[in-house]
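Residue numbers (the numbering used here), protein chains in the order written: chain A, 1 to 419; chain B, 420 to 838. For each residue, glycine too, the CB sits at the ideal point set by N, CA and C. For clarity, every value in this text was computed on a predicted model and none was experimentally measured.
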């Protein structure tokens with residue numbers, strides 16, 4: 001597969017896109033449900049392909065974390081099929097009129113949602129992204145180019161086989177879901193330079209992959225590097241609630257981007273809260289790294305340095321800092337945060353409002369877990385990613401984030417300079 | 420001014436931005452009105468600075484077109500002041516709740532408009548951009564970095580003096596409107612790589628400048644290269660209306676991006692329409708370049724080649740082509756268009772609907788002039804530019820396009836994995 005082939009794949013996808021957009025919402029839903037059906041029916045061949053990928057990963061000495069991301073089983077395949085059905089069932093976004101105004105000269109100005117066009121997904125081990133990203137792109141009338149990780153190539157090919165079968169059944173060309181099967185990085189490079197063809201690239205995976213994409217892209221990129229999410233316990237917070245939100249945020253799934261990485265505690269509540277929190281964290285196997293004040297409660301706590309406050313641990317490790325007040329918490333977040341998710345636990349509405357206004361992250365939670373920053377939990381259905389790029393979409397991206405609003409103007413012969 | 424200085428300017432702007440966003444809408448409006456007032460009061464010194472720029476341009480042998488874009492006079496200064504007042508009077512965009520939903524678990528999920536952050540404007544000769552871009556950015560709570568053309572440096576400095584005076588009066592640091600005064604291109608390069616500081620770069624000017632920015636940017640860019648706008652006259656169109664829309668689109672201001680560059684005519688109406696159109700165009704000094712069919716009406720018409728159909732003439736030149744039907748018109752637009760503005764003149768609603776659905780341009784006009792694709796005309800107030808980038812904003816960009824929606828979630832202690 002040469003750079004030329006990648007361009008040919010992109011041209012074919014772009015040529016197929018209007019046919020996707022021309023389907024009505026019902027037909028696009030049926031297409032995505034047919035993909036789900038085919039994936040369920042093909043369970044045996046998908047698992048066989050996945051076993052191949054897993055064996056290769058094992059032989060290559062890949063770690064357990066990667067192999068877990070790579071692994072499919074009947075439950076995970078069923079989860080993929082269900083995610084597709086949920087995407088199919090989401091309300092239609094195309095053709096939505098988001099604004100309508102009649103101008104003084106009688107022009108009727110509408111803003112109408114249309115597809116972005118061609119979306120390129122560049123991702124790593126998880127094979128579910130192949131099906132879910134394709135379904136979300138199609139839902140919003142787009143064509144898509146998929147470039148999954150080489151470690152998942154057999155699984156991705158087996159899933160793509162189902163996607164293509166459903167496309168053909170609906171009378172659409174395979175090219176609407178283009179799959180780059182050759183793992184060489186030069187194809188990613190070629191893809192990232194197809195300014196005239198690719199409307200958006202979304203990288204998903206480790207920070208290395210995302211930096212590579214950002215570094216080399218000429219096409220627009222929406223990304224997030226990492227989630228350094230903070231939980232701030234305000235003076236006068238409900239201690240039980242603060243503890244529950246901390247434990248949920250840190251331990252319910254430590255390896256995901258919306259997990260809590262740093263706990264900030266108002267000095268006034270630290271003596272009541274921190275000893276309980278430290279004990280509860282330790283009971284769940286969490287390593288605490290703290291500021292001097294924090295270490296005053298437990299000499300066994302390792303000191304937290306600059307690196308710890310900037311870290312996305314993705315593990316059972318938590319940085320802790322006692323702050324003088326809410327302003328100090330905001331200053332800490334401004335310095336170390338990653339614009340992903342911040343939480344305040346408070347009973348003081350004015351403090352909540354100051355925290356919301358004083359942070360610029362994609363999601364801010366008042367008395368709710370950081371783990372809710374997720375497309376499904378926030379009501380978008382599935383998500384294609386979480387953006388911390390402050391452009392186009394900020395936070396979880398569903399089908400609507402894969403559209404753009406254009407102007408449709410209807411008149412009766414109006415000219416700008418009547419003569 | 421070294422690359423380091425540009426980074427320092429960007430850091431200072433970014434540090435000043437929260438103070439801009441913290442002003443309420445009334446205070447931000449007052450700030451922008453104060454800028455307008457100061458510009459009116461400083462008319463004499465702005466004109467003196469402009470005379471300096473004009474003399475330098477003349478001495479450097481710059482053409483009349485550039486000198487016209489550069490020139491200020493009392494009427495143009497008054498127009499700048501009025502544009503600022505209009506921006507100040509536009510409805511507030513910050514804090515707008517665009518969606519609110521209560522989830523089954525009781526979480527209240529809102530999407531709320533916040534500023535983008537720091538916007539970099541990179542533009543050429545027109546000094547009015549200095550004031551208008553700054554005002555639009557501030558209106559939406561952003562800080563801005565301005566890098567105008569070196570040919571306008573004295574005029575831009577005189578205008579920036581007024582902007583800074585108004586900022587100081589409002590208790591804000593000058594840095595909220597950063598001005599890059601050194602003309603060296605290396606500063607633009609440095610600016611375009613400040614990924615951690617600059618949220619959006621908007622280039623405005625000739626295609627060369629825009630390609631330079633797109634080529635070198637690591638920061639997100641919204642742009643449009645050119646406007647190859649089409650007017651399609653459908654079979655059965657009202658001939659008077661078609662002629663009026665053609666003349667307005669081509670001749671009311673030929674050098675702007677929303678002017679018509681190519682006329683497409685349904686073969687069935689060509690014999691009735693084209694002879695009239697050719698005569699009317701010629702009477703207004705428009706050079707017609709046509710397909711063979713078109714040249715059949717007038718042997719003096721020069722043949723139109725591929726280059727003519729792809730051209731943004733920005734001049735009194737028009738490419739003309741007779742097409743077999745609406746589908747052929749859509750195919751022509753798909754091949755040669757620039758996603759800017761397309762017009763259909765028709766009395767057939769089904770044809771209008773097919774034209775709207777079959778084009779992907781930022782603005783599509785049914786029986787209205789292409790010249791209405793403009794922020795003011797479409798109801799946005801002022802515009803910072805017209806985007807043909809299919810991301811974030813598509814078409815004219817007003818204050819709203821300089822914001823992003825974030826998630827604000829309010830709960831009562833909800834966790835994702837209750838235990």
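Using 8 angstroms for Cβ pairs, my map puts residue i next to residue j. What's the rounded Cβ distance?
| i | j | result |
| --- | --- | --- |
| residue 316 of chain A | residue 254 of chain A | 5 angstroms |
| residue 570 of chain B | residue 481 of chain B | 7 angstroms |
| residue 128 of chain A | residue 76 of chain A | 7 angstroms |
| residue 451 of chain B | residue 503 of chain B | 5 angstroms |
| residue 391 of chain A | residue 535 of chain B | 7 angstroms |
| residue 764 of chain B | residue 668 of chain B | Wrong, their Cβ atoms sit about 10 angstroms apart, outside the cutoff. |
Are the C-beta of residue i and some C-beta of chain B separated by less than 9 angstroms?
| i | result |
| --- | --- |
| residue 140 of chain A | no |
| residue 86 of chain A | no |
| residue 327 of chain A | no |
| residue 365 of chain A | yes |
| residue 202 of chain A | no |
Taking DSSP as the reference, what is the three-state secondary structure of residue i?
| i | result |
| --- | --- |
| residue 358 of chain A | helix |
| residue 229 of chain A | strand |
| residue 789 of chain B | helix |
| residue 197 of chain A | coil |
| residue 265 of chain A | strand |
| residue 625 of chain B | coil |
| residue 666 of chain B | helix |
| residue 92 of chain A | coil |
| residue 301 of chain A | coil |
| residue 803 of chain B | coil |
| residue 658 of chain B | helix |
| residue 444 of chain B | helix |
| residue 796 of chain B | coil |
| residue 274 of chain A | helix |
| residue 312 of chain A | coil |
Taking CB distances under 9 angstroms as the criterion, tell me whether residue i reaches chain A.
| i | result |
| --- | --- |
| residue 543 of chain B | no |
| residue 454 of chain B | no |
| residue 437 of chain B | yes |
| residue 649 of chain B | no |
| residue 536 of chain B | yes |
| residue 765 of chain B | no |
| residue 582 of chain B | no |
| residue 791 of chain B | yes |
| residue 824 of chain B | yes |
| residue 752 of chain B | no |
| residue 477 of chain B | no |
| residue 606 of chain B | no |
| residue 657 of chain B | yes |
| residue 808 of chain B | yes |
Provide the residue span of the beta strand (DSSP E) that contains residue i, from first to last.
| i | result |
| --- | --- |
| residue 414 of chain A | 403 to 414 |
| residue 347 of chain A | First-last for residue 347 of chain A: undefined, no H or E at that position. |
| residue 673 of chain B | That residue, residue 673 of chain B, is in no beta strand (DSSP E); it is neither H nor E in DSSP. |
| residue 145 of chain A | 143 to 147 |
| residue 542 of chain B | 537 to 542 |
| residue 287 of chain A | 287 to 290 |
| residue 396 of chain A | 393 to 397 |
| residue 318 of chain A | 317 to 323 |
| residue 752 of chain B | Element bounds for residue 752 of chain B: not the beta strand (DSSP E) but the alpha helix (DSSP H), 745 to 755. |
Could you tell me the boundaries of the alpha helix (DSSP H) in which residue i lies?
| i | result |
| --- | --- |
| residue 464 of chain B | 462 to 478 |
| residue 838 of chain B | Residue 838 of chain B -> no alpha helix (DSSP H), and no H or E assigned at all. |
| residue 501 of chain B | 493 to 508 |
| residue 98 of chain A | Taken as a continuous stretch (DSSP letters only), residue 98 of chain A belongs to no alpha helix (DSSP H), being part of the beta strand (DSSP E) at 97 to 102. |
| residue 485 of chain B | 483 to 489 |
| residue 219 of chain A | No alpha helix (DSSP H) contains residue 219 of chain A, which DSSP labels as neither H nor E. |
Is the segment 435 to 445 of chain B touching the segment 551 to 562 of chain B in the sense that three or more CB pairs, one from each, lie closer than 8 angstroms?
yes
Spell out a yes or no on whether the segment 810 to 828 of chain B and the segment 529 to 541 of chain B are touching, meaning 3 or more CB-CB pairs, one atom from each, closer than 8 angstroms.
yes
Is there contact here, the segment 773 to 789 of chain B with the segment 323 to 335 of chain A, by at least three beta-carbon pairs under 8 angstroms?
no
Assess, as a yes-or-no matter, whether the segment 253 to 271 of chain A is touched by the segment 232 to 240 of chain A under the definition of 3 or more beta carbon pairs within less than 8 angstroms.
yes
Is it the case that the segment 144 to 160 of chain A contacts the segment 120 to 134 of chain A, given that we only count it when at least three CB pairs across the two stretches are under 8 angstroms?
yes
At a cut of 8 angstroms, does the segment 606 to 614 of chain B reach the segment 580 to 594 of chain B through at least three beta carbon pairs?
no
Does the segment 154 to 162 of chain A come close enough to the segment 30 to 47 of chain A that 3 or more CB-CB pairs lie under 8 angstroms?
yes
Is it the case that the segment 633 to 651 of chain B contacts the segment 697 to 712 of chain B, given that we only count it when at least three CB pairs across the two stretches are under 8 angstroms?
no
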